[in-house]
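Participant: Let me give you the structure first, and then I'll get to my questions.
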Amino acid sequence: MTAIRLSSGGVIDRTRPLSFSFDGLSLGGFAGDTLASALLANDVMLVGRSFKLHRPRGLFGAGYDDPGSMVERLGPRPATNQLATTTMLEEGGVYRSVSTWPSARRDVGAVVQLFARLLPAGFYYKTFMWPTWHLFEPFIRGAAGLGRVPGVDAWEPVGESRFGSCDLLVVGAGPAGLAAALVAGRSGASVILVDDGAAPGGRLPGDGGDPEGWTSACWRELATLPKVRLLPAATAWGYHEHNLVSVLERAPRGAPGLDLRNWKIRARQVIVAAGAFERPIPFADSDRPGVMLASAVRTWLGRFAVRPGGQAVVFTNNASAYGTALALADAGAAVTLVDARTEPEPQAVAALASAGVTLARASLVTKAHGRSRVEAVDVIDDGGQVRRLPCDLVAVSGGWNPAFHLASQTRQARSIWHDELATFVADHGPASFRLAGAARAEFEPVSCALDGALAAGEALATLGLRAHAFETPHLSEPFVARRVEPVWFVPPRRKADKVFVDLAGDVTTDDVGLALREGFDSMELLKRYTTAGMGVDQGKSGNVNVIGIVGALTGATTQTVGTTTFRPPFVPVEFGAIAGQRNKARLYPWRHTPLTDWHIARGAVMYEAGLRWQRPGYYPLPGENWSAAAAREARAVRQAAGVYDGTPLGKFQLKGRDVPRLLDLLYISDFSKLGPRRGKYGVMLSDDGLIMDDGVVFRLDEQRWLLHSSTGAADRVHQHIEQVLQVHHPEWQVSLIPVTSQWANATLCGPMAREVLAALQPDFDITREALPFMGMAEGMIGDIPVRLFRVSWTGEASFELNTPARHAAALWDKIMAAGAAFGITPVGSEANHILRVEAGYISTGHEVDGTSDAFDLGLGPLVSRTKPDFIGKRSMELRRRVDPERFELVGLLPTEPSRRVPEGAPITPAGDRVDQEGFVSACVSSVVHDRIIALGLLRNGRSRMGETVHARVRDEVIPMTVVDPVFHDADRARVKS
Amino acid sequence: MLMLACPWCGERPEGEFICLGEAVRPRPLDPSALGDAEWAAYVSDRRNIRGRHDERWWHVRGCNTIFTIGRDTVTHQVFAGTQDEAAP
Amino acid sequence: MIGPDPEAMQRYSFFSLARNALSQHEGWQRAWRSPPLKPDYDVVIVGAGGHGLSTAYHLAKEHGVSNVAVIEKGWLGGGNTARNTHTIRSNYLRDVSIRFHDVSVKLYEQLSRELNYNILFSQRSMIDLIQSWGKMRDLRRRSLAMALHGPAYQLITVDELKRRIPAMGDLSDVRLPPLGGMLHPEGAMARHDAVAWSYARAADARGVEIHQHTEVTGFTFAANGAVTGVETNRGVVRAGKVALATAGNTSHVIAKAGLNLPLVTRNLQAFVSEPVKPIIDVIVNCPDVGLYVMQSDKGELVIGGGTDPIPSYRQGCHFATFEDVVASLVELFPRFRNLKMLRQWGGAIEFAYDASPIISATDIPGLHVSTGWYGGFKSIPVGGLTYAHLIATGQPHPLAGSFGLDRFRGLRFLLEAGTVAQR
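Residue numbers (our numbering), protein chains in the order written: chain A, 716 to 1692; chain B, 979 to 1066; chain C, 3 to 425.
Encoded structure:
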């Protein structure tokens, strides 16, 4: 019982005690504690079990580099996989170690350790094949995974996504970052400073390196600068192209109720001063609780006033851990320092001596003893003498790895081996991106500050700003890693002892050796085979050691072994933060016509009509299902009058000298001779000769044309035409304006439609002579301006009444009032579908499925015989020449008149289970024929009229007769009436 | 998300644009003058360069201009002007 | 020729594992050799990913062609084989595509035992969520076409959806509420790296040589224009036939031979969550919103979406696309707001003009290409089987007769409906 809370020091607030529970133990901490520091203060060393072997594990790092202290947070705000070292302690918090049962201390799963020998790297690739993997998989799945996902009704964090922009983004508020932000802020640049610590300063405050309070002075000054924004408790987690940096801010200030905010910050210049991670020296059983990074011990002492042990061994290969040893001694611990180097820095040795710390040079810790916490270590000296040192804490430092993850994510920086520091550093990234301080392997605090100031100066120069003066601060840290003698691991003295090099994935040096023996000899292969670096810390604690071990075992240099790519995110990021407020209506905003409210009030079931437009599907009366409603609506159109909301139809206004040439290029038919106030149906191909869209073009007057596209194709058609105009024919004089939502459209259709129109009392002539099929008119209905087109998609006389959107509701009301006497019926897309199939009109998504050309769909007569060229002509001709066998549009009548055929049903020879010779594209219950009718595409279909073909619907064969695809108004007399 | 320099509007975020892909040459004025193989290649073949290529962007949520820029398809670094222009 | 003996390949089993445990696992042999590079081979396959290695395996196994080098610019299995979301399925529309992928699924089912390597093949079934009537129509058509050829694709109700995917939230309240789903029982996943390793080991045992860190810098040609070998960073290697299996980089490599193909390369990103206890049993795909999600054996949720909207070899994260995918994810699974993304990556996938694969000879005699996989992990076994057949016999395999480059000459595209927008 030797981890204790010190009576003074640290950033914790001793006046605000907090109570919490962990694995059923009731414990206490203080405001300012992380869960990890509070656990340590309560002498709870064993906090979890390892991922694969369920070995007891303790706290190893004090931040994001801790590879294994995952807990579940229970209670009213449950959350899974919370890292104890980054979870701020809350009053009443209830925490539980993950993947243990019943607790981390008495974990039943620990039995798997007995079989550890059978479970080397990749063991699952070699077994579980008989009889099938599926038999074993549930057990593996159940055993894998960390925390449980909170239940369906559980609390969810509230997230927000937000943009930011600045001249300079500084990542990290240690000495380098603070200096950079201060220089830039004083110089008048707009600055965002992001820091993920609980308080600014990086390692400075915890390490006691800031005796004069420079950190807080900087922070205070920055807070007063108008163009500087400080984002504490925020982690830059991703670098994306062109200096877009994503930053996760936790519990943002001034935003009550908001748990997470994901910033997307676009910066003209970026300085990353993210510091460095200490790495361990793995030795036999160095994964036991109580073995920690030296920097973590220093953090517990300095920041949280927790002394994690009373009898400590510090094991290092560099000077930085000397500071830890002194801090431990200062806190009253008995300390032995084991230095792998023969000649440590003299002033460091002297400092130890005066603090009463025992020093063992040229020595290595070879093994930890104890199970649920370390009880002793074996130390070997260069003479080969081994002695056992009792201890309750081991602080390890194997050197420092600069945190250049964001530089690596730029894809323009390579990692380079630095021999003296025995670590990787990054070379230059993009021109507007800089590393500073420890992230650039500059470990001395004053140098870090100067480096940050210098980086800011360079960044400001590119922005055309002059750097403000910067005074060298008084910071102290006598013990930094200037000379590191690489010790990647200490080979175990007994073969059976395990050295864990990646704690998150339970990877041992034996696993690395096995992978190399089996040929997984490049870092990426080895990583994937052993899972080293794939765990929850993504290699922050063990990756460089693995690289070093591979080098040691293969004789390759560390540079040639190479590092793996750092991928985003730098730290795990909640999906709730990324999604932000984009849910429900904000996820996909609907497009509404001005009549949506009317449709819904009328009981319409709304459909998506393409491009997120909402349209009525059908308007059921009480007791009606969709098919009854659709049949009633369709019958009304055939027998009296219907009206539908055609607003979503794509509309483009064209103007200019060269519109006729444009239309002739876009459409398969001749358009140049289209006279004013006349319309023409057209089919548009892509240049690969396949149908892109169809629609009607009206020439409004001498100067203006209105082009219609189908609803879902509007964006594609717009893009297509703009490309023709701007890329292929920039010399043409045409202006194109999309006007889809400017104009609402109410289409009257049916034999009584003209009577309804007359009852509306338009101020223009609506006689057949004045307003023939494909004619148009403009005028007023009462005080509503309308533009009327004679087009039909129903097989009945139709009048498309277009009006500026603001008049739509009034026009619609007038139509319903005037039409009441004629039994006018609002019509949805289901009825539209019946009507168009009866009339044999093609539809996108049914017959037009992206694979047909104009001839296939019976539109051959529309193809101009005189135009030398139109888009798609060359390809259509080429393809038809080499492949004359085409799927052609036909009508289909099931032999059994009431037999509905599913749309999409394949047609095969004799209905056998063989390759398709066509398919049923649409099938409806016809209101004019009172039977099932269908359209389909059939190989050489036009020459097979009268033949019986067979749809194959799973086990059923449905015979159908091939007929003409027009079932109603074949002579178009009704349409033209 | 890229930042793209529209010739009219200056640097704007990618969300305002639609990428029209590789800058294939303008459509031949007389397709019938091309042989079948040449025409088929025009329709479907792409250079698909790994590295700097020329591509078209449409400032659809802006000034509506379609313009061509260079972009490295590996690093996403963008370059003003096309390679043809850059050539001596 | 005295061929190598595949029977001599070290057997993997529980017993061999136990036996080796006694000797501290010192007795395991190299999974594949690292031989010196010879000056010539019968066949050089460029690209040691799943397709290249599977092709080499089938060349040796079915055609007795084992004087084969698979050369790889990086590390074995390090291209798209390492960068996909390990899904295997056969839900296609066109007859040839259904048959082709159905064979692939069947080969996958037997692969662990055939190659004596557990690829962790797990037929968990896949469900395509239907969130629009248009998609309902498309997928029903696909379902009925598949019923002609074997693989199952059955419409299930929303209640059945909820039963099979209990992790979803209240579906009545979401944007685009599901109308049903299509259940594809053949849908499976496997450990992607292991697929490459298993083929590498089996091909190596049959005499195939694998040469990593060997990058093609050019080709050599005979006077008649036929390809005679490849130039590499390690020198010229002669070959009777050269076969590209360089997914993502095919345009780049084949440009060195002066050819242009109907290909575009785009980035397809994916990401995983931190590992959690089992929460999703099936593979969930939501084509209406561009989202798929499944859970790996390790416990990570594996999540992906649509391709980036620009040509790209970057293999990274297009942030807007990423946000769309995540927003769609938490709309259907609100409880996942609480989970955290652990790792993110991208694959450079290439797709042909018609989004169907290309397994083909080229205009250059002796030079073959297998490309356009648009996510080809699912096709690795059958892709190798059919490509090997083409290389060895000069004739397309009956399953892959429609996948030749000649189709583009006549603009006779092999279009899967629903891929229209990709053109």
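Built from N, CA and C at the ideal position, the CB exists for glycine as well. Source: prediction; values computed, not measured.
#1: Using a Cβ-Cβ distance under 8 Å, would C:Tyr59 count as near chain B?
#2: Would a C-beta distance cut-off of 8 Å place A:Ile1383 and A:Ser1579 closer than the cut-off?
#3: Could you give the distance in angstroms between the alpha-carbon of C:Phe353 and the alpha-carbon of B:Cys997?
#4: Report the rounded CA-to-CA distance for A:Ala1034 versus A:Phe851, giving the unit in angstroms.
#5: So if DSSP puts A:Met803 in a beta bridge, which residue, or which two residues, is it bridged to?
#6: Whole angstroms is fine: what's the gap from A:Arg1327's alpha carbon to A:Pro1304's?
#7: Are A:Ala1429 and A:Thr1455 touching if we call contact CB-CB under 8 Å?
#8: Tell me, please, whether the CB atom of C:Leu150 is closer than 8 Å to any CB atom in chain B?
#9: DSSP puts B:Gly999 in a beta bridge; with which residues?
#10: Based on the DSSP secondary-structure assignment, which residues constitute the bridge partners of A:Met1321?
#11: Are A:Gly747 and A:Ser734 closer than 8 Å when you measure CB to CB?
#12: A:Gln1354 lies in the alpha helix (DSSP H); which residues open and close that run?
#13: Since C:Val266 contacts B:Arg1024 with CB under 8 Å, what's their CB separation in whole angstroms?
#14: Give me the chain A residues within the contact set of C:Glu333, using Cβ-Cβ distance strictly less than 7 Å, ordered along the chain.
#15: Please report whether the beta-carbon of B:Ile1047 lies at a distance below 8 Å from any beta-carbon of chain A.
#16: In terms of residue numbering, what span does the beta strand (DSSP E) encompassing C:His254 cover?
#17: Is the CB of A:His1433 under 8 Å away from at least one CB in chain C?
#18: Would you mind sorting C:Gln346 into buried or exposed? The rule is 16 or more other CB atoms within 10 Å of its CB.
#19: Residues of chain C with CB under 9 Å from B:Val1021, in chain order?
#20: Just to confirm, are A:Glu1603 and A:Arg1646 a CB contact at a threshold of 8 Å?
#21: According to DSSP, simplified to helix, strand and coil, what is B:Asp1014?
#22: Within the continuous beta strand (DSSP E) that includes C:Cys288, where are the two ends?
#23: From the beta carbon of B:Asn1034, is the nearest beta carbon of chain A less than 8 Å away?
#24: Just to confirm before moving on: does the CB-CB distance between A:Gly860 and C:Pro280 stay below 8 Å?
#25: Classify B:Ala1065: buried if its beta carbon has 16 or more other beta carbons within 10 angstroms, exposed otherwise.
#26: Thinking C-beta only, is B:Glu989 closer than 8 Å to B:Gly1040?
#27: Count the other CB atoms within 10 Å of the CB of B:Cys987; is the residue buried (16 or more) or exposed (fewer)?
#28: Would the beta-carbon of A:Pro947 fall within 8 Å of that of A:Asp910?
#29: Who are the neighbours of A:Thr1712 on chain C, taking C-beta pairs under 9 Å?
#30: Within its chain, find whatever has a CB closer than 6 Å to the CB of A:Asp1627; leave out the 5 residues flanking it on each side and keep chain order.
#31: Can you tell which of A:Thr1566, A:Leu1240 and A:Pro1624 has its C-alpha closest to the C-alpha of C:Gly76?
#32: Using alpha carbons as the reference points, say which of C:Gly403, C:Gln156 and C:Glu116 lies closest to C:Asp130.
#33: Using the Cα positions of A:Gly857 and A:Ala1292, report the straight-line distance between them to the nearest angstrom.
#34: For the beta strand (DSSP E) that A:Phe1235 lies in, which residues bound it at each end?
#35: With C-beta atoms as the reference, is A:Ala751 less than 8 Å away from A:Leu721?
#36: Tell me, which residues are paired with A:Leu1008 by DSSP?
Facilitator: Working from what's here:
#1: no
#2: yes
#3: 17 Å
#4: 50 Å
#5: A:Thr749
#6: 7 Å
#7: yes
#8: no
#9: B:Arg1034
#10: A:Pro1331
#11: no
#12: Trp1341 to Gln1354
#13: 6 Å
#14: Asn1298 and Leu1302
#15: no
#16: Taken as a continuous stretch (DSSP letters only), C:His254 belongs to no beta strand (DSSP E), being part of the alpha helix (DSSP H) at Thr252 to Ile256.
#17: no
#18: buried
#19: Pro264, Tyr355, Phe410 and Leu413
#20: no
#21: helix
#22: Ile285 to Cys288
#23: The sequence given here has Arg at residue 1034 of chain B, not Asn. Interface residue, yes.
#24: yes
#25: Reliability of the predicted coordinates at B:Ala1065 is poor, the pLDDT of 40 falling under 50, and the value obtained from them is presented with this limitation in mind. With fewer than 16 other Cβ atoms within 10 Å, it is exposed.
#26: no
#27: exposed
#28: yes
#29: Any answer about residue 1712 of chain A is impossible in this case: the structure gives chain A only from 716 up to 1692.
#30: none
#31: A:Leu1240
#32: C:Gln156
#33: 28 Å
#34: First-last for A:Phe1235: undefined, no H or E at that position.
#35: no
#36: A:Val1111
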